[in-house]
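Residue numbers (this note's numbering): 5 to 97.
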């Protein structure tokens, strides 16, 4: 089930609901940012502690920081408007 709600002060108004709402049951709502953060935490917790520590050390190394700076742009660029159409390509398997 998913809910779309609208905040009116301290009141939430349901504007869309897919599926049936459970009766007499507490429902907890999260923002999309909170859900993404929880998913990231679950993924990190599923990685063994030693591997997580290795990843942290790697990202703090000077070679990693220099590598990341290679992707920085000196000049801003224009992006296509959201309604721009891109050519479709066919992929064969």
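Ideal Cβ positions, reconstructed from N, Cα and C, are used throughout, including at glycine.
For residue 46, the secondary structure class from DSSP, reduced to helix, strand or coil, is helix. Rounded to the nearest angstrom, the gap between the Cα atoms of residue 71 and residue 62 is 11 Å.
Nearest to residue 36 by alpha-carbon distance, out of 52, 44 and 12, is 44.
When DSSP states are grouped into helix, strand and coil, residue 51 belongs to the coil group. For residue 10, the enclosing beta strand (DSSP E) starts and ends at 6 to 12.
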